[in-house]
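For reference, the structure is listed below as structure tokens.
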Amino acid sequence: MKAAICTKYGSPEVLEIREVEKPAPKPNEVLVKMHAAAVTMADIMMRKGEPAYARLMLGLTKPKMPIPGTGFSGEIEAVGSEVKQLKAGDAVFGETGMGFGAYAEYVCVQEDGLLTKLPENMNHEQAAPVCDGVLTALNFLRNVAKTQSGQKVLINGASGSVGSAAVQLARHLGAEVTGVCSTTNVELVKALGAEKVIDYTKEDFTQSGQRYDIIFDTTGKATFGRCKGILTEKGIFMSSVLSLPLLLHMMWTSKIGSQKARFSATGLLPVPQLRKDLEEMKGLIEAGKIRLHLDKSYPFEHIVEAHKYVDTGRKKGNVVVKFV
Numbered sequence: 004m005k006a007a008i009c010t011k012y013g014s015p016e017v018l019e020i021r022e023v024e025k026p027a028p029k030p031n032e033v034l035v036k037m038h039a040a041a042v043t044m045a046d047i048m049m050r051k052g053e054p055a056y057a058r059l060m061l062g063l064t065k066p067k068m069p070i071p072g073t074g075f076s077g078e079i080e081a082v083g084s085e086v087k088q089l090k091a092g093d094a095v096f097g098e099t100g101m102g103f104g105a106y107a108e109y110v111c112v113q114e115d116g117l118l119t120k121l122p123e124n125m126n127h128e129q130a131a132p133v134c135d136g137v138l139t140a141l142n143f144l145r146n147v148a149k150t151q152s153g154q155k156v157l158i159n160g161a162s163g164s165v166g167s168a169a170v171q172l173a174r175h176l177g178a179e180v181t182g183v184c185s186t187t188n189v190e191l192v193k194a195l196g197a198e199k200v201i202d203y204t205k206e207d208f209t210q211s212g213q214r215y216d217i218i219f220d221t222t223g224k225a226t227f228g229r230c231k232g233i234l235t236e237k238g239i240f241m242s243s244v245l246s247l248p249l250l251l252h253m254m255w256t257s258k259i260g261s262q263k264a265r266f267s268a269t270g271l272l273p274v275p276q277l278r279k280d281l282e283e284m285k286g287l288i289e290a291g292k293i294r295l296h297l298d299k300s301y302p303f304e305h306i307v308e309a310h311k312y313v314d315t316g317r318k319k320g321n322v323v324v325k326f327v
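In this text, residue positions in the sequence shown follow the numbering used here: the first is 4, and each later residue adds one.
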């Protein structure tokens with residue numbers, strides 16, 4: 004089978020498509036024939052080996068797992084002897100987690116892993132990025148911030164994978180949402196449900212004079228220090244990108260003051276919790292309450308170009324590579 008191999012950290016060109024051995028499912032695994040794989044900002048950071056401390060898990064000098072990629076969607080080709088709920092021919096989607104391996108024509112996933120059947124109103128390209136954007140947004144808004152109806156929530160990076168999901172989920176939870184994005188994405192963010200949209204090329208949202216109960220930075224470009232002045236007395240600043248300044252602010256605010264800085268590694272949460280959240284989000288998607296915006300879809304052979312595009316930081320919603 005063909006797979007994108009990454010044997011060193013660096014630019015998109017470190018990804019090379021090679022022929023590798025097709026995996027065989029263990030007794031508790033299913034073999035998925037891939038239809039689409041997500042290309043996310045998390046994938047970009049892992050390809051670069053950034054931030055540096057992440058290499059403690061990814062590999063100090065080169066990736067421990069040579070086939071990157073986590074979010075996927077495809078069709079089960081074969082099942083292990085102990086698999087009970089799934090069968091060959093089932094359309095499924097999910098995430099491989101720290102096992103990676105989604106940038107390949109086939110991948111093996113445990114039946115009790117982060118895996119579920121494809122909703123009837125979604126295709127494979129739409130489903131592949133769900134575990135990155137939607138699950139991350141849900142974890143931050145509901146579990147970390149405990150978002151309540153009537154709260155004022157600002158989403159920085161509201162047009163990206165996590166941000167576009169966060170706008171919709173915050174509205175679903177009853178919050179009043181302000182989205183921050185560039186000029187070209189204003190209409191998209193409005194369509195997703197934001198009551199107000201701030202164009203960061205024309206206005207600094209930290210100088211708006213409005214206070215927010217929750218500020219969710221999905222880009223890693225804002226800081227607690229910048230946003231502190233526009234948080235309410237017990238406001239929460241949270242970012243899906245961990246940095247040293249954020250870590251220091253988390254430590255500081257855990258002891259001092261009523262305003263808090265927060266981070267959560269969604270992908271490292273217990274799989275049973277993630278499966279429960281995934282089924283909940285699947286229900287919202289099937290009900291039409293959450294929609295996934297697909298920006299670009301590349302043939303798998305053009306995975307380097309897909310990474311180059313996501314590297315620009317200008318993607319609108321989600322980017323995938325397709326295998327069939």
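Glycine included, every Cβ here is placed at the ideal spot set by N, Cα and C. Model, not experiment: these values are computed from the prediction.
Simplified DSSP state of residue i, which is helix, strand or coil
i, result
"Gly74", "strand"
"Ser300", "strand"
"Arg294", "coil"
"Ile79", "strand"
"Leu245", "coil"
"Phe96", "strand"
"Glu16", "helix"
"Ala140", "helix"
Cα-Cα separation between residue i and residue j, rounded to whole angstroms
i, j, result
"Tyr215", "Thr209", "10 Å"
"Val137", "Ala173", "11 Å"
"Ile70", "Ile20", "10 Å"
"Cys111", "Ser242", "31 Å"
"Lys193", "Asn321", "17 Å"
"Glu98", "Gly166", "19 Å"
"Met125", "Lys258", "45 Å"
"Glu32", "Cys230", "45 Å"
"Leu157", "Gly83", "46 Å"
"Cys134", "Leu144", "15 Å"
"Phe240", "His310", "29 Å"
"Glu123", "Lys149", "30 Å"
"Leu297", "Gly238", "32 Å"
"Val323", "Gly182", "24 Å"
"Thr256", "Arg278", "31 Å"
"Met101", "Thr226", "27 Å"
"Lys285", "Thr204", "35 Å"
"Val35", "Val95", "8 Å"
"Gly196", "Leu251", "33 Å"
"Gly228", "Lys263", "11 Å"
"Pro30", "Leu191", "45 Å"
Exposure of residue i, with buried meaning 16 or more beta-carbon neighbours within 10 Å
i, result
"Lys155", "buried"
"Gly92", "exposed"
"Thr43", "buried"
"Pro275", "exposed"
"Leu234", "buried"
"Pro248", "exposed"
"Leu117", "buried"
"Gly316", "exposed"
"Glu128", "buried"
"Gln151", "exposed"
"Pro132", "buried"
"Asp46", "buried"
"Gly72", "buried"
"Gln213", "exposed"
"Leu295", "buried"
"Val327", "exposed"
"Val74", "Sequence inspection shows Gly at residue 74; the Val mentioned does not correspond to that position. Classification for Gly74: buried."
"Met37", "buried"
"Asp207", "exposed"
"Gly77", "buried"
Proximity winner among the options, relative to residue i (alpha-carbon distances)
i, options, result
"Val86", "Gln113, Gly238 and Gly100", "Gln113"
"Glu80", "Asn188, Lys90 and Lys224", "Lys90"
"Ser246", "Ala55, Glu198, Leu34 and Glu123", "Ala55"
"Asp202", "Val324, Gly52, Gly228 and Thr186", "Thr186"
"Lys318", "Glu282, Phe96, Cys184 and Ser211", "Cys184"
"Leu287", "Leu141, Gly153, Gly223 and Gly77", "Leu141"
"Val17", "Val35, Lys205, Ala168 and Gly52", "Gly52"
"Ala178", "Ile217, Leu121 and Gln213", "Ile217"
"Phe103", "Ala7, Glu282, Thr139 and Glu198", "Ala7"
"Gln88", "Leu34, Asp115 and Glu206", "Asp115"
"Val313", "Ala168, Arg50, Phe75 and Ala169", "Arg50"
"Phe219", "Thr139, Lys5, Leu121 and Lys120", "Thr139"
"Ser261", "Leu281, Glu236 and Val244", "Glu236"
"Val147", "Pro66, Leu272 and Met37", "Leu272"
"Glu283", "His175, Ala57 and Met48", "His175"
The segment 11-19 in contact with the segment 48-66 per 3-pair CB rule at 8 Å: yes
Contact between the segment 300-309 and the segment 156-163 (3+ Cβ pairs under 8 Å): no
Segment contact flag, the segment 104-117 with the segment 25-32, C-beta cutoff 8 Å, min 3 pairs: yes
Three or more C-beta pairs below 8 Å linking the segment 287-294 and the segment 264-274: no
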